[in-house]
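Quick look at the structure:
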């Protein structure tokens, strides 16, 4: 069943169609440290860029300064500054080649994406609170995106709000000189079990989205998340 979510901020509109598909791979974590993750809290993530010519390039996320982190090599850069619950990621291509897709393997850096589809902390993974799905702020929007590798707490079934990776796809390519700014919430895990060899579980495999229109998601207008576990 498709879920259509329309996010309206000011005069701009982002329309995203979401559906679940396939059988999952699961990454198991023991706990979450909390939900106020910044760019400097995600060191170790693996970021891979695939080019239209069939080649690829991978860089490891590292801390730049307080609250800021990035992965960069060969002319492309993915960075994030501030709390991922509202503050922006920036992806830029200055490689001289056209990019077809971007993959963020967050769990390699003990980080997970929090999409919180139910918008109700009662049904969220313990310690995760609210989350935000991928949303374009400005720039060259991907044709589609995909959350993969569902995450569960050790000893418990996955809830469906946490994923280990995010993939963006450009059907016509992300040309050199292009940039993209987007929101995608993340949380940190205290320990990851089998991050490189996840075990399959009988639940939906990916959250897949088609970006129908790029909107402007004003990060300054996003209300800061409050700790719902107090």
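Residue numbers (my numbering): 58 to 287.
We treat Cβ as the ideally placed atom computed from N, Cα and C, and that holds for glycine.
Owing to the predicted nature of the structure, the values given are computational and were not obtained by experimental measurement.
Consult DSSP for residue 116 and reduce its assignment to one of helix, strand or coil. strand
Beta bridge counterpart(s) of residue 248 as assigned by DSSP: Answer is none; residue 248 lacks a bridge partner.
For residue 144 versus residue 173, is the C-beta distance shorter than 8 Å? no
I need the straight-line Cα distance from residue 158 to residue 150, nearest angstrom please. Each residue's Cα considered, the two are about 12 Å apart.
Going by beta carbon distance, what residues of the same chain come within less than 6 Å of residue 232, once the five residues before and after it are set aside? Excluding the 5 residues flanking it on each side, residue 232 has same chain C-beta neighbours closer than 6 Å at 155, in chain order.
Specify the secondary structure class of residue 163 as computed by DSSP and reduced to three states. helix
Quick test of the definition: if touching needs 3 or more C-beta pairs under 8 Å, does the region 84 to 99 touch the region 109 to 125? yes
For residue 238, the residue or residues it bridges with in DSSP: 147 and 195
In this structure, how does DSSP classify residue 187 when only helix, strand and coil are distinguished? Look at residue 187 here: in three-state DSSP terms it is coil, with no helix or strand label.
Supposed close pair residue 170, residue 243 - CB separation, criterion 8 Å: 6 Å
Using the DSSP secondary-structure output, state which residues sit across from residue 243 in a beta bridge. The partner list for residue 243 (beta bridge, DSSP) reads 170.
Figure out for me which residue from 113, 248, 138 and 202 has the closest Cα to the Cα of residue 121. 138
Roughly how many whole angstroms lie between the Cα atoms of residue 132 and residue 152? For residue 132 and residue 152, the distance between alpha carbons rounds to 4 Å.
So is residue 190 buried or exposed if we call it buried at 16+ other beta carbons inside 10 Å? buried
Based on the DSSP output, what are the partners of residue 156 in its beta bridges? 108 and 231
Whose C-alpha, out of 224, 229 and 239, is nearest the C-alpha of residue 163? 224
Smallest Cα separation from residue 108: which of 226, 214 and 142? 226
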